[in-house]
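Inspection log for the structure reproduced underneath, given as structure tokens.
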Amino acid sequence: MVKLILLLLSLTFTVGQAQIRYEDYFTDNTLRFDYQRCGTATSEQVYFEGMRQEGKWSGTRTRLIDPFPWGEYRVEVYDKTSKKMIYSRGYAGLFSEWQSTAESKVTSRCFYETVLLPYPKNPVKLRLLTRDRKTKLQKVFEYEIDPKDYFIKKEAGPVYKAYMVHDSGDPTKKIDIVFLPDGFTAGEMDQFRESVKKFSKGLFDSAPFTANEDKFNIWLVEAPSVESGTDIPGKGIYKETLLNTSFYTFDSERYNMTYDIKSVRDVAANAPYDAIIILVNSDKYGGGGVYNYYGCFTAYNPQSVGVFVHEFGHSFTWLADEYYTSDVAYSDYVDLTVEPIQPNVTTLVDFNKKWKSMVKPGTPIPTPRTHQYKGVVGAYEGGLYSAKGIYSPMNKCKMNWINDPFCPVCQKTIQEMIDYYTK
Ligand SMILES: [Zn+2]
Numbered sequence: 002m003v004k005l006i007l008l009l010l011s012l013t014f015t016v017g018q019a020q021i022r023y024e025d026y027f028t029d030n031t032l033r034f035d036y037q038r039c040g041t042a043t044s045e046q047v048y049f050e051g052m053r054q055e056g057k058w059s060g061t062r063t064r065l066i067d068p069f070p071w072g073e074y075r076v077e078v079y080d081k082t083s084k085k086m087i088y089s090r091g092y093a094g095l096f097s098e099w100q101s102t103a104e105s106k107v108t109s110r111c112f113y114e115t116v117l118l119p120y121p122k123n124p125v126k127l128r129l130l131t132r133d134r135k136t137k138l139q140k141v142f143e144y145e146i147d148p149k150d151y152f153i154k155k156e157a158g159p160v161y162k163a164y165m166v167h168d169s170g171d172p173t174k175k176i177d178i179v180f181l182p183d184g185f186t187a188g189e190m191d192q193f194r195e196s197v198k199k200f201s202k203g204l205f206d207s208a209p210f211t212a213n214e215d216k217f218n219i220w221l222v223e224a225p226s227v228e229s230g231t232d233i234p235g236k237g238i239y240k241e242t243l244l245n246t247s248f249y250t251f252d253s254e255r256y257n258m259t260y261d262i263k264s265v266r267d268v269a270a271n272a273p274y275d276a277i278i279i280l281v282n283s284d285k286y287g288g289g290g291v292y293n294y295y296g297c298f299t300a301y302n303p304q305s306v307g308v309f310v311h312e313f314g315h316s317f318t319w320l321a322d323e324y325y326t327s328d329v330a331y332s333d334y335v336d337l338t339v340e341p342i343q344p345n346v347t348t349l350v351d352f353n354k355k356w357k358s359m360v361k362p363g364t365p366i367p368t369p370r371t372h373q374y375k376g377v378v379g380a381y382e383g384g385l386y387s388a389k390g391i392y393s394p395m396n397k398c399k400m401n402w403i404n405d406p407f408c409p410v411c412q413k414t415i416q417e418m419i420d421y422y423t424k
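Below, the structure written as structure tokens:
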């Protein structure tokens, strides 16, 4: 009987895997779908911008349906004839963060966004979904894509030289990180290259990346800016840079990000990539990371390596900040009556879905933030910008303080994402 169940399970697994064969539905290329996400604190609309055919699809070709529940947003692609879902991916964006700011209560605003998918062979329906306050995904936009549509741009876009600085093999089987420079002039490209090597080393010095070094390729694109530096609006400093990064995003001084995702994607398209990292030419402390979108940080602050690895935790997996005392621009970030989706925080509404299985018997839940429980996996009150009602897995973690290692829960989450891309 056990054998039969095992056989059935393995058959189901095989059929499940065989259901979406990449080559049945997609060409070798990438399709970029551009749109604007607009609204207020409580409303949201999506407006189509355009489509572009890009180079070879470098994402996974065997796991086309996203197995993770992460990200405020999700893109789903359905074959038009069979109505079967053939691709999906969770991601996040700046609009949902902005919806938690005071500005969103008094004005409406648009954010340029893009999603990438493997280029379809036949007509498909693309759906964009957004999580509501209860974390349920709701459809906000649908668009029918005819892959033969002659309005899909085929032009190359701005061309820059791309180099691989860490080579582990075939991009379709590895995780490709591309570093993009912002505020580095043509004369500063040597510095940019040296910095990318330094940060690659910094990533592979951190667990769990150390044991997975051979699963990553690292690329850089030499794309110079007119001026050196980045915008610091609060100090009246503005620089002409290629990717338009700026401190004071959402009026938070150290939040260095860019709204100009169109330029980011244009420059990134010069290399195969799964993850974008923007390296900003500044020694001022700062950065940010948005899940499956991009990570951004300054190159020359003494804390830069720690900031990079922390932001990569946000942008590569959907790890939440575990800190709860710093000044951030958000209010009412989480509904405490539901379990948040992020893997490393809990409201204890449904702790079974989180890391409860990693907590040793006898550890009190909630776990006191005392010396006795130092280095112990538990549920410590405080996390995701809130001192009350949200709990984190450990007293120490890189998602709380950038110079600490990732806690076991965050490490496990990162390992699952590495396996998703490479197994
Ligand atoms: Zn953690």
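With the working numbering applied, the sequence shown corresponds to residues 2 to 424, in that order.
Glycine is no exception: its CB is placed at the ideal position from the N, C-alpha and C atoms.
query                                                                                                                                                                 : result
From Glu-143 to Val-179, what distance separates their C-alpha atoms?                                                                                                 : 30 angstroms
Within this structure, are the beta carbons of Gly-287 and Arg-255 separated by less than 8 angstroms?                                                                : yes
How big is the Cα-Cα spacing for Lys-354 and Asp-232?                                                                                                                 : 41 angstroms
With 16 other CB atoms within 10 Å as the buried threshold, where does Ala-19 fall?                                                                                   : At Ala-19, the pLDDT of 47 sits below 50, so the modelled position is not reliable; the number obtained from the coordinates is stated separately. It is exposed - the Cβ of Ala-19 has fewer than 16 other Cβ atoms within 10 Å.
Provide the residue span of the alpha helix (DSSP H) that contains Met-418, from first to last.                                                                       : 409 to 423
I'd like the ranges of any beta strand (DSSP E) spanning at least 3 consecutive residues and lying wholly in the stretch 203 to 252.                                  : 217 to 223
With H, G and I counted as helix, E and B as strand and the rest as coil, what does DSSP make of Leu-188?                                                             : A quick correction: the sequence has Gly, not Leu, at residue 188. Gly-188: helix per DSSP, three-state reduction.
For the alpha helix (DSSP H) containing Lys-263, list its first residue and its last residue.                                                                         : 262 to 269
If we ignore side chains and look at the alpha-carbon of each, how far apart do Pro-341 and Asp-351 end up?                                                           : 9 angstroms
In three-state DSSP terms, what is Lys-4?                                                                                                                             : Low local confidence applies: a pLDDT of 43 at Lys-4 is under 50, so the model's placement there is unreliable, and no value is given.
Quick one: what does DSSP say Ser-283 is sitting in, helix, strand or coil?                                                                                           : coil
In the DSSP assignment, the alpha helix (DSSP H) including Val-308 goes from what residue to what residue?                                                            : 305 to 317
What is the DSSP secondary structure of Lys-126, counted as helix, strand or coil?                                                                                    : strand
What are the boundary residues of the beta strand (DSSP E) that includes Phe-34?                                                                                      : 27 to 40
Put Ser-387 into one of helix, strand or coil per three-state DSSP.                                                                                                   : strand
Name the one or two DSSP bridge partners that Lys-162 has.                                                                                                            : Glu-223
Quick one: using the 10 Å Cβ neighbour count with 16 as the cut-off for buried, is Trp-71 buried or exposed?                                                          : buried
Pairing CB atoms from the stretch 379 to 399 with CB atoms from the stretch 314 to 322, are three or more of them under 8 angstroms?                                  : yes
How about Ile-279 and Leu-181: do their beta carbons lie closer than 8 angstroms?                                                                                     : yes
For Gln-416 versus Pro-209, is the C-beta spacing smaller than 8 angstroms?                                                                                           : yes
In this structure, does DSSP put Val-197 in helix, strand or coil?                                                                                                    : helix
Which residues share a DSSP beta bridge with His-167?                                                                                                                 : Ile-219
Note the first and the last residue of the continuous alpha helix (DSSP H) segment covering Ser-97.                                                                   : 95 to 99
List in chain order the residues whose CB is within less than 5 angstroms of at least one heavy atom of ligand 3.                                                     : Judged by which ligands are present, ligand 3 is missing from the structure shown, whose ligands are ligand 1.
Tell me which residues share the same chain as Ala-294 and place their Cβ nearer than 7 angstroms to its Cβ, disregarding the 5 neighbours each side in the sequence. : According to the sequence as given, residue 294 is Tyr; it is not Ala. Excluding sequence neighbours, Tyr-294 sits near Tyr-92, Ala-93, Gly-94, Ser-316.
When the Cα of Gly-390 is compared with those of Cys-411, Thr-368, Lys-399, Lys-375, which residue comes out closest?                                                 : Thr-368
Among the residues of its own chain, which have a CB less than 6 angstroms from the CB of Cys-39, if the five just before and after it don't count?                   : Gln-46, Cys-111
Thinking Met-190 and Glu-223 are a contact (beta carbons under 8 angstroms), I'd like their distance in whole angstroms, please.                                      : 5 angstroms
Is Ser-358 helix, strand or coil by DSSP?                                                                                                                             : helix
So, do the stretch 51 to 59 and the stretch 79 to 89 have three or more beta carbon pairs nearer to each other than 8 angstroms?                                      : no
Under DSSP, the beta strand (DSSP E) around Cys-111 begins and ends at which residues?                                                                                : 110 to 121
Do you know how far the Cα of Arg-132 is from the Cα of Ser-44?                                                                                                       : 12 angstroms
Starting from Gly-289, follow its DSSP beta bridges and name the residues at the other end.                                                                           : Cys-297
In angstroms, rounded to a whole number, what distance separates the CA positions of Ser-105 and Ala-42?                                                              : 5 angstroms
When we look at the beta-carbon of Met-359 and count the other beta-carbons within 10 Å, is it buried (16 or more) or exposed?                                        : exposed
Buried or exposed: which applies to Trp-356, given that a residue is buried once 16 or more other Cβ atoms fall within 10 Å of its Cβ?                                : buried
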